[in-house]
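Trainee:
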Amino acid sequence: NAGVTQTPKFRVLKTGQSMTLLCAQDMNHEYMYWYRQDPGMGLRLIHYSVGEGTTAKGEVPDGYNVSRLKKQNFLLGLESAAPSQTSVYFCASSFLLAGPYEQYFGPGTRLTVT
Amino acid sequence: GENVEQHPSTLSVQEGDSAVIKCTYSDSASNYFPWYKQELGKRPQLIIDIRSNVGEKKDQRIAVTLNKTAKHFSLHITETQPEDSAVYFCAAGAAGNKLTFGGGTRVLVKP
Chain Y
171 NAGVTQTPKF RVLKTGQSMT LLCAQDMNHE YMYWYRQDPG MGLRLIHYSV GEGTTAKGEV
231 PDGYNVSRLK KQNFLLGLES AAPSQTSVYF CASSFLLAGP YEQYFGPGTR LTVT
Chain S
1312 GENVEQHPST LSVQEGDSAV IKCTYSDSAS NYFPWYKQEL GKRPQLIIDI RSNVGEKKDQ
1372 RIAVTLNKTA KHFSLHITET QPEDSAVYFC AAGAAGNKLT FGGGTRVLVK P
């Protein structure tokens, strides 16, 4: 049981390049989330999904797109990377129960945009 | 939307002393309050959580209290140890399981 995994672990992009971050979970969780964490700050929600085929915007969605074609995978895309998107990106997942439930986090992807 | 404020931003304690971190939230609909611990370069991990129908919860050296009327909740760590050194985040959540995180508290336990 791997839990939540993310690929890649590190990436350096030039301004204007595109990339996709992959999140996978093997816990059969309905909910999945993408956060970004900037130095000395908390986690901010980018986008989330309440089930296969559904996505919704979080607190800071601009410049990002997401897709959830399979229940176990949640993809985060940057179409035209900007230096302001330099950050550590965490994926998380949780069950759908009666009320909020623990979110399990992946190991993170450190992205640098030059 | 929800806004979570966390204080202090840094906390230095002597080994064996207690540490207290406080958070306030703005949305009265929030009903789930988890605390996460993040060690340097690692992922956040849940250490304790509390729901709005409970005022206090304890797990060994860690306890959380919730005051729904005042919209604040606190994390208490007793008998601190060097391995408690980390960044701690509070969060508030409601329907849809979206969490809003506080800015974090860097705790340093001095041996």
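Chains as they are written, first to last, in my numbering: chain Y, 171 to 284; chain S, 1312 to 1422.
No residue lacks a Cβ here, since even glycine has one placed at the ideal position from N, Cα and C.
Any C-beta of chain Y within less than 8 Å: which residues of the region 1348-1371 of chain S qualify?
Mentor: Here the close residues are K1353, R1354, P1355, Q1356, L1357, D1360 and R1362.
Trainee: What separation, rounded to the nearest whole angstrom, lies between the Cα atoms of Y:T185 and Y:Y234?
Mentor: Numbered from its first residue, the first sequence carries residue 185 of chain Y at position 15. Numbered from its first residue, the first sequence carries residue 234 of chain Y at position 64. Answer to the nearest angstrom: the Cα atoms are 14 Å apart.
Trainee: Quick check: what's the CA-CA separation for S:D1395 versus S:V1375?
Mentor: On the second sequence, residue 1395 of chain S is found 84 positions in, with the first residue counted as 1. On the second sequence, residue 1375 of chain S is found 64 positions in, with the first residue counted as 1. So the alpha carbons of these two residues sit roughly 16 Å apart.
Trainee: What residues in its chain sit with their C-beta under 6 Å from that of Y:F275, if we drop five residues either side in the sequence?
Mentor: Translated into the one-based positions of the first sequence, residue 275 of chain Y becomes position 105. Excluding sequence neighbours, Y:F275 sits near F260 and A262.
Trainee: Does the Cβ-Cβ distance between S:P1345 and S:A1402 come in under 7 Å?
Mentor: Your numbering for residue 1345 of chain S matches position 34 in the second sequence. Your numbering for residue 1402 of chain S matches position 91 in the second sequence. Yes, they are a contact pair.
Trainee: Within its chain, find whatever has a CB closer than 6 Å to the CB of Y:S250; leave out the 5 residues flanking it on each side and keep chain order.
Mentor: Residue mapping note: residue 250 of chain Y aligns to position 80 of the first sequence, counting from 1. Correct list, in chain order: G186.
Trainee: Does the distance from the CB of S:V1324 to the CB of S:H1387 come in under 7 Å?
Mentor: Your numbering for residue 1324 of chain S matches position 13 in the second sequence. Your numbering for residue 1387 of chain S matches position 76 in the second sequence. Cβ distance not < 7 Å, so S:V1324 and S:H1387 don't count as in contact.
Trainee: Apart from the five residues on each side of it in sequence, which residues of its chain come closer than 7 Å, Cβ to Cβ, to Y:A252?
Mentor: Against the first sequence, residue 252 of chain Y aligns to sequence position 82. Hits under 7 Å: T185, G233 and V283.
Trainee: Can you give, in chain order, each stretch of the beta strand (DSSP E) that sits fully within the region 216-258 of chain Y and has at least 3 residues?
Mentor: Qualifying beta strand (DSSP E) stretches, in chain order: 224-227, 235-237 and 243-248.
Trainee: For the beta strand (DSSP E) that S:V1365 lies in, which residues bound it at each end?
Mentor: Residue mapping note: residue 1365 of chain S aligns to position 54 of the second sequence, counting from 1. Unbroken run through S:V1365: none, as it is neither H nor E.
Trainee: Residues of chain S with CB closer than 8 Å to the CB of Y:S264, please, in chain order.
Mentor: Looking up residue 264 of chain Y in the first sequence gives position 94. Chain S residues near Y:S264: N1408.
Trainee: Short of 8 Å Cβ to Cβ, which residues in the region 209-229 of chain Y face chain S?
Mentor: Per Cβ criterion, the list reads G210, M211, G212, L213, R214, L215, Y218, V220, G228 and E229.
Trainee: Quick check on this structure: which residue in Y:N198, Y:V182, Y:S188 and Y:P209 has the alpha carbon closest to the alpha carbon of Y:F244?
Mentor: Indexing the first sequence from 1 puts residue 244 of chain Y at position 74. Of Y:N198, Y:V182, Y:S188 and Y:P209, the residue nearest in Cα terms is Y:N198.
Trainee: Quick check on Y:D196: does DSSP put it in helix, strand or coil?
Mentor: Taking the first sequence and counting its residues from 1, one reaches residue 196 of chain Y at position 26. Coil, per DSSP.
Trainee: What residues are listed by DSSP as bridge partners for S:E1316?
Mentor: For the purposes of this step, residue 1316 of chain S is identified with residue 5 of the second sequence, where counting begins at 1. Paired residue(s): S:T1335.
Trainee: Can you tell me which of Y:L215, Y:V182 and Y:D208 puts its alpha carbon nearest to the alpha carbon of Y:M202?
Mentor: One-based indexing of the first sequence puts residue 202 of chain Y at position 32. Looking at the Cα atoms, Y:L215 is the closest of the given residues.
Trainee: Report buried or exposed for S:H1318, applying the criterion of at least 16 other Cβ atoms within 10 angstroms of its Cβ.
Mentor: Your numbering for residue 1318 of chain S matches position 7 in the second sequence. With fewer than 16 Cβ atoms within 10 Å of its Cβ, S:H1318 is classed as exposed.
Trainee: At a threshold of 6 Å, does Y:Q195 count as lining the ligand MG (C-beta to nearest heavy atom)?
Mentor: By its list of ligands, the structure shown contains no ligand whatsoever, and the ligand MG lies outside what it can speak to.
Trainee: Spatial neighbours of Y:V230 within its chain, please: C-beta separation below 8 Å, excluding the five flanking residues on both sides.
Mentor: One-based indexing of the first sequence puts residue 230 of chain Y at position 60. Around Y:V230: R206, R214, L215 and I216.
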